[in-house]
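Please read the structure below before turning to the comments.
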Amino acid sequence: MAATLDVSWRNKTPPEFGHAMLQYFAFDPGYTNLNHGSYGSLPLPVIEACRAMDSEAESSPDRWIRFSYLPRLTVVRQRIAATIGAKTEECVLVPNTSHGISTVLRNIEWQKDDIIVAFSTTYNSVARTARYISDTPPHPVVSELTLTFPTTASKVVALFRDHLRRLPRKNDQKVVAIIDSIISMPAILLPWKEMVQVCKEEGVMSLIDAAHSIGQEPNLDLNTADPDFWVSNCHKWLYAKRSCAVLYVPLRNQHIIKSTFPTSDAYVSPADSTGPNFVDQFDWCATIDFVPYLSVATALDFRQWLGGENKINAYCRQMAVQGSNRLAQILGTSGMAMDPTGEMTLNMVNVHLPLPSNLQPRGVVLKKMKEKMILERNIFASIFFIQETGWWTRCSAQIWTEIGDFEKLGKVLVAICSEVENELRAEAAEARFKSKL
Numbered sequence: 001m002a003a004t005l006d007v008s009w010r011n012k013t014p015p016e017f018g019h020a021m022l023q024y025f026a027f028d029p030g031y032t033n034l035n036h037g038s039y040g041s042l043p044l045p046v047i048e049a050c051r052a053m054d055s056e057a058e059s060s061p062d063r064w065i066r067f068s069y070l071p072r073l074t075v076v077r078q079r080i081a082a083t084i085g086a087k088t089e090e091c092v093l094v095p096n097t098s099h100g101i102s103t104v105l106r107n108i109e110w111q112k113d114d115i116i117v118a119f120s121t122t123y124n125s126v127a128r129t130a131r132y133i134s135d136t137p138p139h140p141v142v143s144e145l146t147l148t149f150p151t152t153a154s155k156v157v158a159l160f161r162d163h164l165r166r167l168p169r170k171n172d173q174k175v176v177a178i179i180d181s182i183i184s185m186p187a188i189l190l191p192w193k194e195m196v197q198v199c200k201e202e203g204v205m206s207l208i209d210a211a212h213s214i215g216q217e218p219n220l221d222l223n224t225a226d227p228d229f230w231v232s233n234c235h236k237w238l239y240a241k242r243s244c245a246v247l248y249v250p251l252r253n254q255h256i257i258k259s260t261f262p263t264s265d266a267y268v269s270p271a272d273s274t275g276p277n278f279v280d281q282f283d284w285c286a287t288i289d290f291v292p293y294l295s296v297a298t299a300l301d302f303r304q305w306l307g308g309e310n311k312i313n314a315y316c317r318q319m320a321v322q323g324s325n326r327l328a329q330i331l332g333t334s335g336m337a338m339d340p341t342g343e344m345t346l347n348m349v350n351v352h353l354p355l356p357s358n359l360q361p362r363g364v365v366l367k368k369m370k371e372k373m374i375l376e377r378n379i380f381a382s383i384f385f386i387q388e389t390g391w392w393t394r395c396s397a398q399i400w401t402e403i404g405d406f407e408k409l410g411k412v413l414v415a416i417c418s419e420v421e422n423e424l425r426a427e428a429a430e431a432r433f434k435s436k437l
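Residue numbers (UniProt numbering): 1 to 437.
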């Protein structure tokens, strides 16, 4: 018997943003979450909707798979398309951004002299995918562009254009640039729309890793931006259930995506096809749990109930900026200074940690920091290292976040940075002593 869905929240007035919003999330009461950007955080109304759909699916699996899920998936695709400013027939759902990017890259018919442009900040699994494709015949080349920070949007665009113009170009050569809309670490909004235009001017295809965009970056308007491919996680900032992402492929490029991954039973050989069946393939490409995809509908309803995209992101961005300033003050460090206009900052911020950059081994530093934050203090924000500048934390602001959360994090980080440094120096001293015995 299918579960009854509680929708009473729809008839209530949402509380003010801040800790009052925690009642709508499933966090352990003692947990302070400043790492929403990594895996997302599911609102209780979305959890309840997912449980109801799970119950419905298990009450009659054949009815669910053969009749129920597809009409709802079509509605979700329509609503996502409206959210990102695209056509419904250009949007399909995939498990996550890495999956979507891999699908695109593995469908391109590469030649020996083709080039994949990536960045020093490209997400690791995406960079590894590009390297794998380069390692297999016919061995297209990976050309990496190094980004250093702080920087400005105009400098990034100029650097990117110069890099493309320096590539060894040949006739009938494919060049595909993998561009982050928002870099994961450090959290930086890149001028990706301007970079797409540069790609058009230089005869380069654009593949946008927009993992952090939908739900965080307002006014996406893909019809105007017009990238060649664009993929974004719905389970990060949009409040959908893990894992779920939207893959946007404009009609002009759908012939490139010949197969899903894995190949769908809707696949039609190009030799037999009278046109692309892009959407049909992604509507069913194996037995999966469709509930995460369908959860997007309730996630969008919840966001509308809260006041909409602009209200949500205005609060989160303001809290991120104010919180990073307070955190830096407590740590005695500074935030990552970017363009003074703030155009490269959204809802995630980067603050320097009071840890010596020469503290070794780095893998142990990172492991200790994570363990002390999550397992001992019940709080978390991401930790990362940049070769030129040392250790940083990336904090995500959300509708439940208050300045006090950044202050709590600051006190925890002051303590554990000192602990980790002292422990590693003691371990190094002990190792040196034992080596002399």
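No residue lacks a Cβ here, since even glycine has one placed at the ideal position from N, Cα and C.
(1) From Gly335, Asp301 and Leu424, pick the residue whose C-alpha is nearest to that of Pro361; which is it?
(2) Alpha carbon to alpha carbon, how far is Ile287 from Leu247?
(3) Can you list the alpha helix (DSSP H) stretches of 4 or more residues lying completely in the segment 111-151, in chain order?
(4) Note down, one range per segment and in chain order, each alpha helix (DSSP H) of at least 4 residues found wholly within the segment 291-366.
(5) Would you please state the rounded distance, in angstroms, between the beta carbons of Ile416 and Met373? I believe it to be under 8 Å.
(6) Please give the ranges of any alpha helix (DSSP H) in the segment 16-90, keeping only runs that are unbroken, at least 4 residues long and fully inside the region.
(7) Can you list, in chain order, the residues of its chain with a C-beta nearer than 7 Å to that of Leu70? Leave out the 5 residues immediately preceding and following it.
(8) Looking at the unbroken alpha helix (DSSP H) that takes in Ile101, where does it start and where does it end?
(9) Would you decide whether Glu388 is buried or exposed? Buried here means 16 or more other CB atoms lie within 10 Å of its CB.
(10) When the Cα atoms are used, what is the spatial distance from Val7 to Arg166?
(11) Is Thr103 buried or exposed, if buried means 16 or more other CB atoms sit within 10 Å of its CB?
(12) For Ser334, count neighbouring Cβ atoms within 10 angstroms of its own Cβ and tell me buried if that reaches 16, exposed if not.
(13) Quick one: residues in its chain with C-beta nearer than 7 Å to the C-beta of Trp230, no 5 flanking neighbours on either side, listed in chain order?
(14) Excluding the 5 residues preceding and the 5 following Ile47 in the sequence, name in chain order all residues of the same chain whose CB lies nearer than 7 Å to its CB.
(15) Quick one: what's got a C-beta closer than 7 Å to Arg10's C-beta in the same chain, skipping five residues either side?
(16) CB-CB under 6 Å to residue 443, same chain, minus the five flanking residues each way: which ones, in chain order?
(17) Which class does Ala2 belong to by DSSP, given the choice of helix, strand or coil?
(18) Can you check which of these residues, Met369, Arg77, Arg317 and Lys370, is closest to Val349 by C-alpha distance?
(19) Alpha carbon to alpha carbon, how far is Cys199 from Met205?
According to the structure shown:
(1) Of all alpha-carbon atoms in Gly335, Asp301 and Leu424, the one lying nearest the alpha-carbon of Pro361 is that of Leu424.
(2) Before going further, note that residue 287 is Thr rather than Ile in the sequence given. The alpha-carbon of Thr287 is positioned some 19 Å away from that of Leu247.
(3) Listed in chain order, the complete alpha helix (DSSP H) runs (minimum 4 residues) inside the segment 111-151 are 124-135.
(4) Fully enclosed alpha helix (DSSP H) runs of 4 or longer: 291-306 and 309-331.
(5) A Cβ-Cβ distance of about 7 Å is found for the pair Ile416 and Met373, placing them in contact under the 8 Å criterion.
(6) As for any alpha helix (DSSP H) of minimum length 4 sitting wholly inside the segment 16-90, the runs are 36-39, 44-59 and 69-84, ordered along the chain.
(7) Cβ within range, chain order: Asp283.
(8) Here the alpha helix (DSSP H) through Ile101 covers Thr97 to Asn107.
(9) By the 10 Å Cβ count, Glu388 comes out exposed.
(10) Each residue's alpha carbon lies about 57 Å from the other.
(11) Taking every protein chain shown into account, the CB of Thr103 has 16 or more other CB atoms within 10 angstroms, so this residue is buried.
(12) By the 10 Å Cβ count, Ser334 comes out exposed.
(13) Result list for Trp230: Ile208, Ala210, Leu222 and Tyr248, in chain order.
(14) Here the set comprises Ala26.
(15) Once the five neighbours on either side are set aside, the close Cβ partners of Arg10 are Trp305.
(16) Since the displayed the chain opens at 1 and closes at 437, residue 443 lies outside it and no answer follows.
(17) Reliability fails at Ala2, whose pLDDT of 46 lies under 50, so the model's placement of it is uncertain and no value is given.
(18) The shortest C-alpha separation from Val349 is found at Arg317.
(19) Cα-Cα distance, rounded: 6 Å.
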